[in-house]
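Under this note's numbering, the sequence shown has 136 at position 141, and the numbering climbs by one with no breaks. To start, the structure under review is shown below, and the notes come after it.
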Amino acid sequence: MKINLYTSPVYATKNSYATKSRITFGTTARDYTNKNGEYIGTNSWLFRDDIDWKQLTEYEKSHFKDKSKVNVIQFASSDGSEAYTKIISILENNPSKNDDKFFPIKAFDIDDEVVKAAKSGLINTNSVDRMELQMNCEDCDYTKYFTPADKELNIKNDLKFNSNKTLKVSQELKKRVIFQKGDMFSLIKKLKDNSDTILLCRNILGYFENNVIEKFVKLVSDRLMSGSLFIIGDHDIKNSYIDSFLKENKFMMIMRNVYKKI
Ligand SMILES: C[S@@+](CC[C@H](N)C(=O)[O-])C[C@H]1O[C@@H](n2cnc3c(N)ncnc32)[C@H](O)[C@@H]1O
């Protein structure tokens, strides 16, 4: 089993014994072992700071300006926080009447428990999430996206964070994403592209061995056509050779964690 030692100034995770003493934040952090015995975490948070969401959105709007439809696909979607981040970024940065061409986002995760959470229309946040939301939603009233919920969201084996608050997800967000259970290792083989795909597969590949990651990257390269985007996260970069695998397989990095198929 691969043991990663992933740490950041405020965030340390990896194996379940580490979680007991870690300082952490986020909308979810549920640890489980998958059917192959690999340790997996569902860690996610709103506006996860390993992407410049504003810069990415501006790039996407310009890069895909001639496309009438853009397929935004998300593998490893966890509790929905990343899908909501993406939707808010698209709606709030240089808004245009064409923005709905990016929706609905098709979001997949293999874990029943987080898929159930995402589908519930509720999300657990703590003060860091709410601060990120406010910072990334400068001129907008974020209550159009989230309002206080009158019940608590319980995710099995999830860490409970300080000042945890369950929020209700608005219709504005819900109607723009479809959450489904799905295994990215099967889904990638069926993906169809016409140079109009944004594939987010963030902070999951770093959990696997390099040979598994390299094989997956080759499949991504086979399926995505020139101009489509493949987006990863810091956890993947820090725990694997994914950057080299992508560059060896016809991808170029265009900004932090964002790769374009050549
Ligand atoms: C660390 S979270 C990342 C969440 C989000 N992408 C982010 O960056 O904040 C990893 C997620 O990948 C999911 N996952 C693990 N194996 C998967 C697979 N084979 N297919 C789809 N999702 C998977 C886990 O259940 C977990 O919710």
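Backbone N, C-alpha and C define an ideal beta-carbon position, used for all residues, glycine too.
Taking the C-alpha atoms as reference points, what is the distance between residue i and residue j?
i	j	result
Asp106	Ile46	24 Å
Ile118	Gly32	28 Å
Lys139	Asn198	28 Å
Arg43	Leu51	13 Å
Pro99	Gln166	13 Å
Thr161	Gly116	10 Å
Gly21	Ile83	18 Å
Asp153	Glu127	21 Å
Thr142	Ser239	42 Å
Thr120	Leu86	21 Å
Lys256	Lys96	21 Å
Ile183	Asp134	37 Å
Tyr27	Asn89	39 Å
Met220	Ser181	19 Å
Which same chain residues, not among the five before or five after residue i, have their C-beta less than 6 Å away from its C-beta?
i	result
Tyr254	Phe225, Leu241, Phe246, Met248
Ala102	Gln69, Ser72, Ala78, Val172, Phe174
Asn29	Ile35
Leu41	Ser76, Thr80, Asp124, Glu127, Leu128
Lys114	Phe174
Leu195	Gln69, Ile226
If I'm right that residue i touches residue j with Cβ under 8 Å, what's the distance once you round it to whole angstroms?
i	j	result
Lys213	Asn244	6 Å
Glu108	Arg25	6 Å
Val110	Lys176	5 Å
To which residues of the same chain is residue i closer than 8 Å at the C-beta, ignoring the five residues directly before and after it?
i	result
Arg251	Asp45, Ile46, Asp47
Lys151	Arg25, Glu108
With three or more beta-carbon pairs closer than 8 Å as the criterion, would you say the region 176 to 193 touches the region 62 to 81?
Enough Cβ pairs lie closer than 8 Å, so yes.
For the region 50 to 60 against the region 142 to 149, are there 3 or more C-beta pairs whose distance is under 8 Å?
no
Taking 8 Å as the cut-off, does the region 199 to 208 touch the region 220 to 235 (at least 3 CB pairs, one atom from each stretch)?
yes
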